[in-house]
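Chemist: Structure incoming, see below.
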Amino acid sequence: CVELPGPICKACVFAPALIRWIPRLLSGRNSLERIFRNIYKLVDTMFDSLSQTRISTDPRNLADALLDEVEASTGADAEKKISMDMIRAVFFDLLSASMHRTASTLEWCVLYLCNFPDIQAKLQNENYDISWESQVQSLNGKVAIANHAPDFKAKFIPRVK
């Protein structure tokens with residue numbers, strides 16, 4: 001977990017417009033940029049190690065599937081082209097979201113699914129193949145993560161029509 005250095009830095013994180021008027025040293029901007037650079041290096045290292053052992057026709061995880069999409073979109077339209085910077089941003093978001101807890105990462109996954117209704121429909125179709133009885137048995141009678149959408153996140157999720 002990253003601890004912000006002081007109250008001025010925390011205020012700049014919650015109200016980024018303050019950065020224009022507060023010096024870099026007091027705003028903590030240098031520290032935050034260094035943290036982001038380190039996380040980007042971590043993501044790049046992960047992709048380098050995964051790409052060395054990757055088989056393009058058999059994705060093992062989300063990173064392999066996204067790398068397959070980059071290769072498939074090399075000749076695509078500019079709108080549908082997926083770049084490594086976009087994938088890096090996705091993994092940066094997932095890593096930063098998972099710093100707090102797993103539930104936070106799941107909320108980010110739901111946000112991405114809301115942005116891509118075709119993938120959401122595919123996932124729903126795959127889940128329909130699993131019977132309700134087996135889902136309940138796998139929970140051992142316990143309640144799964146409660147469904148909730150905090151107001152500040154709900155206003156950023158586009159409505160699927």
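The sequence shown: position 105 = 105 (the UniProt record's numbering), numbered continuously.
Glycine included, every Cβ here is placed at the ideal spot set by N, Cα and C.
Below 8 Å on the Cβ atoms is my contact criterion, and I expect isoleucine 87 with leucine 66 to pass it. Report the Cβ-Cβ distance as a whole number of Å.
Modeler: Right, the Cβ-Cβ distance comes to about 5 Å (below 8 Å), so this counts as a contact.
Chemist: Cβ atoms of arginine 34 and cysteine 12: under 9 Å apart, would you say?
Modeler: No, these two residues do not count as a Cβ contact at 9 Å.
Chemist: Between the alpha carbons of residue 180 and glutamine 52, how many angstroms are there, rounded?
Modeler: Residue numbering for the chain in the displayed model covers 1 to 161; residue 180 lies beyond these limits and cannot be assessed.
Chemist: Could you have a look at alanine 146 and say whether DSSP puts it in helix, strand or coil?
Modeler: Interpretation of alanine 146 is limited by its pLDDT of 41, a score under 50 that renders its predicted location unreliable; the figure taken from the coordinates is listed afterwards. Here alanine 146 sits in coil by DSSP.
Chemist: Classify isoleucine 82 as helix, strand or coil using the three-state DSSP reduction.
Modeler: Coil at isoleucine 82, not helix or strand.
Chemist: I think glutamate 71 touches serine 49, with their Cβ atoms under 8 Å apart; what is that distance to the nearest whole Å?
Modeler: Not a contact, Cβ separation roughly 18 Å.
Chemist: Among Ala63, Arg37 and Ala15, which has the Cα closest to the Cα of methionine 84?
Modeler: Of the candidates Ala63, Arg37 and Ala15, the one whose C-alpha sits nearest the C-alpha of methionine 84 is Ala63.
Chemist: So, isoleucine 39 versus phenylalanine 116, is the Cβ gap smaller than 9 Å?
Modeler: Not in contact: isoleucine 39 and phenylalanine 116 (Cβ atoms no closer than 9 Å).
Chemist: What residue range does the alpha helix (DSSP H) around proline 7 cover?
Modeler: Here the alpha helix (DSSP H) through proline 7 covers 7-14.
Chemist: Pop quiz: leucine 113 and leucine 123 are said to be a contact at Cβ under 8 Å. What is the actual Cβ separation, rounded to whole angstroms?
Modeler: Indeed, because the Cβ distance is near 7 Å, the residues count as touching under 8 Å.
Chemist: Give the DSSP-derived three-state secondary structure of asparagine 61 in the structure shown.
Modeler: Correct three-state label for asparagine 61: coil.
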